[in-house]
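Residue numbers (my numbering): 1 to 412.
Glycine residues also receive a C-beta, built at the ideal position from the N, C-alpha and C atoms.
Everything below concerns the one structure shown next.
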């Protein structure tokens with residue numbers, strides 16, 4: 001009844017006064033903010049998703065992230081439903097280093113026919129923390145972005161078990177987190193949280209104006225192993241597009257942030273632990289389309305970069321997903337191993353195994369093929385520009401939706 005009452009309230013407000021009148025606009029925003037409060041309801045984790053969410057019921061695939069447990073199990077997470085208000089999360093596992101994958105083992109789907117608007121789970125990642133716990137980080141929002149959204153996290157203490165158990169999701173803050181936290185030399189964990197600089201989408205436009213001073217690429221820090229998180233600083237980028245920011249701590253202690261914008265990658269640095277940041281600019285010599293990238297410090301001390309294009313300083317759109325290494329803190333790059341040369345390749349995420357092997361997941365043609373794929377390779381492969389490792393392998397299939405070729409709009 002609460003949902004029905006909220007929907008009737010919205011219809012009454014929208015229909016009662018002309019939309020161009022300030023009073024009507026104010027009342028409509030207030031009504032939409034009340035509907036957005038439905039995204040504050042804790043989502044449920046579905047640990048028995050079959051057969052409702054098996055591959056023959058899915059018809060879309062956009063990768064979110066991949067991670068390895070201490071016991072060697074791989075967990076992959078991707079978006080089903082669409083890069084749209086229909087989005088929800090699906091997770092599967094591999095116990096043979098990515099050679100084969102389970103049916104879906106966990107689903108986070110907060111849609112309901114009783115809601116007055118779609119409620120989506122669209123952005124997030126997987127992360128194994130220094131204690132060996134597996135984190136599932138995800139956003140929940142009405143529509144794709146209701147002007148506020150919210151970052152939620154659930155933690156699994158036994159991710160290698162036959163029946164893993166998860167904590168109840170808890171909300172960390174507003175916004176979304178796409179990329180993994182960074183463990184700083186201080187022992188603090190730094191979590192990138194994007195509170196979109198754009199207004200809420202569609203009917204949520206104009207909502208939550210009081211959050212405007214907090215909008216941007218935020219960084220949150222935990223000094224108690226994730227029990228609490230505190231907002232430390234924020235960067236506002238020109239021409240922002242979801243931010244999708246990642247942070248590397250350089251050897252001199254400064255923090256290097258890269259973020260996604262409409263015009264490609266931009267960078268900024270902090271010399272005070274993330275409290276303040278330099279004016280954003282384009283990183284010298286790196287060119288990337290408006291798309292997700294991946295950057296991380298490796299055990300060797302090198303920095304890994306995954307981007308589009310078979311040259312570090314150029315690209316041809318979302319093709320030629322390639323890998324690069326830097327020995328000088330991002331000033332220059334070597335390598336250029338192409339992981340996948342095809343069109344429609346996007347959204348890399350990954351980790352480094354204890355033996356140095358690199359694992360990168362990505363997707364291909366989300367709304368038609370919907371493939372979620374895995375590349376397994378080494379630093380030596382990157383420098384050689386080809387696979388030379390005995391266990392290196394490209395274009396490994398994690399999953400493919402099998403519900404049939406359904407006509408869907410192209411996604412961003």
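- If you draw a straight line from the Cα of residue 99 to the Cα of residue 253, it comes to about 38 Å.
- Between residue 134 and residue 75, the C-beta gap is smaller than 9 Å, which places the two residues in contact.
- For residue 121, there is no enclosing beta strand (DSSP E), as DSSP gives it neither H nor E.
- By the 16-neighbour rule on beta-carbons within 10 angstroms, residue 38 is buried.
- DSSP places residue 28 inside the alpha helix (DSSP H), whose first and last residues are 22-36.
- Secondary structure at residue 55: helix, using DSSP grouped into helix, strand and coil.
- A distance below 7 Å between beta-carbons, with the five flanking residues on each side excluded, links residue 388 to the following residues of its chain, in chain order: 380, 381.
- In this chain, residue 383 is not harboured by any beta strand (DSSP E); it is covered by the alpha helix (DSSP H) spanning 379-384.
- Judged by DSSP secondary structure, residue 69 falls outside any beta strand (DSSP E); it is assigned neither H nor E.
- Looking at 266, 224, 226, the one whose alpha-carbon comes closest to that of residue 244 is 266.
- Taking a 10 Å sphere around the C-beta of residue 280, we find 16 or more other C-beta atoms and assign the residue as buried.
- The beta-carbon distance between residue 350 and residue 378, rounded to whole angstroms, is 13 Å. This is too long to meet the 8 Å contact definition.
- Short of 6 Å from the beta carbon of residue 47, and not among the five residues preceding or following it, lie these beta carbons of its own chain, in chain order: 106.
- Note on geometry: alpha-carbon atoms of residue 108 and residue 126 lie some 13 Å from one another.
- When rounded, the separation of the alpha-carbon atoms in residue 205 and residue 146 is 8 Å.
- Residue 171 is bridged by DSSP to 152.
- Taken atom to atom, the span from the alpha-carbon of residue 163 to that of residue 96 is near 17 Å.
- For residue 307, the uninterrupted beta strand (DSSP E) run begins and ends at 303-308, by DSSP.
- A direct Cα-Cα distance of roughly 10 Å separates residue 250 from residue 328.
- Listed in chain order, the beta strand (DSSP E) elements of length 3 or more contained wholly in the stretch 273-335 are 294-297, 303-308, 321-326.
- Counting along the chain, the unbroken beta strand (DSSP E) around residue 249 starts and ends at 240-249.
- For the pair residue 226 and residue 362, the Cα-to-Cα distance works out to about 27 Å.
- According to the DSSP assignment, residue 185 belongs to no beta strand (DSSP E), since it is labelled neither H nor E.
- C-alpha of residue 34 to C-alpha of residue 353: approximately 45 Å in a straight line.
- Taking 9 Å as the cut-off, the Cβ atoms of residue 171 and residue 196 do not count as close.
- Its Cα nearest to that of residue 288, the residue 323 stands out among 323, 371, 247.
- With a beta-carbon spacing of about 6 Å, residue 240 and residue 261 fall inside the 8 Å limit used to define contacts.
- Distances from the CA of residue 365 to each of 401, 331, 393 were compared; the closest alpha carbon is that of 401.
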